[in-house]
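What follows is a single structure, written as C-alpha cells, with notes after it.
In my numbering, the protein residues as written are 72 to 222.
Written out as C-alpha cells, the structure reads:
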C-alpha cells in the first residue's frame, strides 16, 4: 500500500477559506500578551508529540524568527533533561504536553506550576495556543501537508 499524496496548505486554504480564517484568528488571539518565542516553543513541542511535519517545520521557522535560541530548539524533544530552559518555559512546556496528550492526572500539577510564572489570563492564552496548534496538527498531519522549507 502506498502512502497517500501530500496536500499543500494552499489546497486547504482554497477549499475551506472560512475555516482557515477562523483557525488563524484563534491562533493569533491566543498569542497576544505572551512572549512569541515561548508560544512557538509550545507549538513546536505539541507538533513533535502529534507527529505533524508541516506544523513542526513552520513553527521551528517562526521560533527562529522570534529569536528562540538554537540550543532550545535542538533540545526541545528532551527538554525534561536538558539545561537552558527557564522555569517559566518548563512550566509552559509541561502544560503543553499535558493538554496535548490529555493526561488528566498531570494536568492539575502542570496547571499549578504555571501559577508561579503566568497570570490567569496568560494561562488561558497558553491553553488556547495549545488547543489551536492541536487543531492545526490534526488537520495538517493526517492530510500530510507538504512542510515548508527550513529557514
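We put the beta carbon where it would ideally sit given N, CA and C, even for glycine.
Every value quoted in this text rests on a predicted model; they were computed, and no experiment measured them.
Can you tell which of the options has the C-alpha that lies nearest to the C-alpha of residue i?
i, options, result
"residue 197", "149, 80, 109 and 91", "109"
"residue 168", "213, 104 and 200", "200"
"residue 104", "123, 211, 195 and 160", "195"
"residue 188", "78, 98, 159 and 181", "159"
"residue 150", "113, 127 and 106", "113"
Determine which residues share a DSSP beta bridge with residue i and list them.
i, result
"residue 214", "In the DSSP output, where bridge partners are listed per residue, residue 214 has none listed."
"residue 78", "216"
For residue i, which residues in the same chain have their Cβ closer than 6 Å to its Cβ, ignoring the five residues on either side in sequence?
i, result
"residue 142", "155"
"residue 222", "132"
"residue 95", "none"
"residue 101", "196, 199, 200 and 203"
Can you list, in chain order, the residues of its chain whose CB lies under 7 Å from that of residue i, leaving out five sequence neighbours each side?
i, result
"residue 184", "162 and 165"
>> Three or more C-beta pairs under 8 Å: does that hold for the region 82-91 against the region 170-183?
In response: no
> Looking at C-beta atoms only, is the number of pairs between the region 199-218 and the region 103-120 that lie closer than 8 Å three or more?
Replying inline: yes
>> For the structure I just gave you, are there three or more beta carbon pairs, one from the region 79-89 and one from the region 134-144, closer than 8 Å?
In response: no
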